[in-house]
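Residue numbers (my numbering), protein chains in the order written: chain S, 10 to 124; chain Y, 75 to 184.
Since the structure comes first, as structure tokens, the remarks are kept for the end.
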């Protein structure tokens with residue numbers, strides 16, 4: 010079974026600065042997908058970014074980018090120019106290419122943004 | 075376009091009571107899922123349905139049953155609620171890569 014670990018329960022960043030959230034995963038598969046989801050206080054789960062394991066290029070979505078290190082099984086999220094609205098829980102998630110689209114989530118990192 | 079809707083938003087049950095959580099999606103997705111989220115933890119899969127007419131157990135299925143009523147609707151039933159089932163429940167649907175989540179149901183069992 011796959012496991013996803015987020016070792017930082019809480020992180021803090023100053024508005025307009027950059028912060029990196031860590032995620033590691035354990036799998037024996039070669040083909041899979043990785044995701045970062047944001048959960049604000051409203052509880053709504055919002056997809057931030059997706060990475061396909063077969064792609065060497067790191068995914069980027071506006072101020073959000075990832076550092077995908079397949080050999081190290083590491084998938085970190087970088088948020089640039091942090092905004093107050095970025096404050097939320099962030100969850101890393103893994104999905105096997107074969108397993109019916111089921112997601113395995115990490116325990117989450119609470120990001121606080123200081124004005 | 076409502077996406078994924080869940081009812082109710084909040085519920086309090088006494089130990090031993092039963093209830094059904096409802097979920098519907100209007101995106102014509104084949105796959106639907108039920109997750110639970112406990113405090114300080116990520117979501118854990120309870121059951122999923124890869125297509126209409128099929129259901130399979132996830133990581134934490136004990137104490138729950140599901141019904142895929144049609145392509146749009148996927149319900150989760152607690153036959154005899156226990157305090158350990160106090161949690162926030164999320165329904166989701168997907169077609170390809172992304173799962174779309176409902177707003178969640180906060181369930182408290184006393």
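Beta carbons are placed, not taken as given, at the ideal position from N, Cα and C, and that holds for glycine.
Note that this is a predicted model, so its numbers are computed, not measured.
Alpha-carbon to alpha-carbon, residue 73 of chain S and residue 85 of chain S: Your numbering for residue 85 of chain S matches position 76 in the first chain. Your numbering for residue 73 of chain S matches position 64 in the first chain. Going from the Cα of residue 85 of chain S to the Cα of residue 73 of chain S covers about 10 Å.
Exposed unless 16 or more other CB atoms sit within 10 angstroms - verdict on residue 98 of chain S: By one-based count along the first chain, residue 98 of chain S stands at place 89. So residue 98 of chain S ends up on the buried side.
Chain Y contacts made by the segment 29-58 of chain S, where a contact means CB separation under 7 Å: 42, 52, 53, 54 and 56
Residues near residue 63 of chain S in its chain [Cβ-Cβ closer than 7 Å; skip 5 each side]: Along the first chain, one-based indexing puts residue 63 of chain S at 54. 40.
Amino acids of chain Y, ordered along the chain, whose beta-carbon sits closer than 8 Å to that of residue 121 of chain S: By one-based count along the first chain, residue 121 of chain S stands at place 112. Chain Y residues near residue 121 of chain S: none, gap ~16 Å exceeds 8 Å.
Interface partners of residue 117 of chain S on chain Y, CB under 8 Å: As a first step, residue 117 of chain S must be located in the first chain, where it is residue number 108. The answer, in chain order, is 114, 115 and 116.
N-terminal and C-terminal residue of the beta strand (DSSP E) that residue 87 of chain Y is part of: For the purposes of this step, residue 87 of chain Y is taken as the residue at position 13 of the second chain. Run containing residue 87 of chain Y: 84-87, per the beta strand (DSSP E) assignment.
Proximity test, Cβ basis, 7 Å: residue 135 of chain Y and chain S: If you number the second chain from 1, residue 135 of chain Y lands on position 61. It does not: the Cβ of residue 135 of chain Y has no partner Cβ on chain S nearer than 7 Å.
Among Y:106, Y:162 and Y:94, nearest to residue 126 of chain Y - alpha-carbon criterion: Taking the second chain and counting its residues from 1, the one referred to as residue 126 of chain Y is at position 52. It is Y:106 whose Cα lies nearest to the Cα of residue 126 of chain Y.
Meets three-Cβ-pair contact criterion under 8 Å: the segment 111-122 of chain S and the segment 76-93 of chain Y: no
Listed by chain order, chain Y residues near residue 71 of chain S by CB distance under 8 Å: In the first chain, residue 71 of chain S corresponds to position 62, counting from 1. Within 8 Å Cβ-Cβ: nothing; residue 71 of chain S doesn't reach chain Y, min ~17 Å.
Residue 159 of chain Y (DSSP reduced to helix, strand or coil): Looking up residue 159 of chain Y in the second chain gives position 85. DSSP places residue 159 of chain Y in helix when its eight states are reduced to three.
Coil, strand or helix - residue 143 of chain Y by DSSP: On the second chain, residue 143 of chain Y is found 69 positions in, with the first residue counted as 1. It is coil, neither helix nor strand.
Sub-7 Å separation of residue 53 of chain S and residue 77 of chain S beta-carbons: For the purposes of this step, residue 53 of chain S is identified with residue 44 of the first chain, where counting begins at 1. For the purposes of this step, residue 77 of chain S is identified with residue 68 of the first chain, where counting begins at 1. No, they are not a contact pair.
Cross-chain neighbours of residue 172 of chain Y in chain S, by beta carbon under 9 Å: In the second chain, counting from the first residue as 1, residue 172 of chain Y sits at position 98. The contacting residues are 44, 56 and 59.
Under 7 Å from the C-beta of residue 20 of chain S: neighbouring residues of chain Y: Taking the first residue of the first chain as position 1, residue 20 of chain S is located at position 11. Result: empty, since nearest Cβ-Cβ is about 15 Å, beyond 7 Å.
Nearest-angstrom beta carbon gap, residue 164 of chain Y and residue 96 of chain Y [assumed within contact, 8 Å]: For this step, residue 96 of chain Y is matched to residue 22 along the second chain. For this step, residue 164 of chain Y is matched to residue 90 along the second chain. That belief does not hold up - the Cβ atoms of residue 96 of chain Y and residue 164 of chain Y are roughly 13 Å apart, past 8 Å.
Rounded Cβ spacing between residue 183 of chain Y and residue 156 of chain Y (contact assumed at less than 8 Å): Along the second chain, one-based indexing puts residue 183 of chain Y at 109. Along the second chain, one-based indexing puts residue 156 of chain Y at 82. Separation of the CB atoms of residue 183 of chain Y and residue 156 of chain Y is rounded to 6 Å, and the pair is thereby assigned contact status at 8 Å.
Chain S residues whose Cβ lies nearer than 8 Å to that of residue 177 of chain Y: As a first step, residue 177 of chain Y is located in the second chain; it is residue number 103 there, counting from the start. Those are 51, 52 and 53, listed as they occur along chain S.
Run of the beta strand (DSSP E) containing residue 119 of chain S, from where it starts to where it stops: Within the first chain, the letter at position 110 stands for residue 119 of chain S. Looking at the DSSP string, the run of the beta strand (DSSP E) that includes residue 119 of chain S is 118-123.
For residue 20 of chain S and residue 103 of chain S, the rounded distance between their alpha carbons: If you number the first chain from 1, residue 103 of chain S lands on position 94. If you number the first chain from 1, residue 20 of chain S lands on position 11. Distance between the alpha carbons of residue 103 of chain S and residue 20 of chain S: 21 Å.
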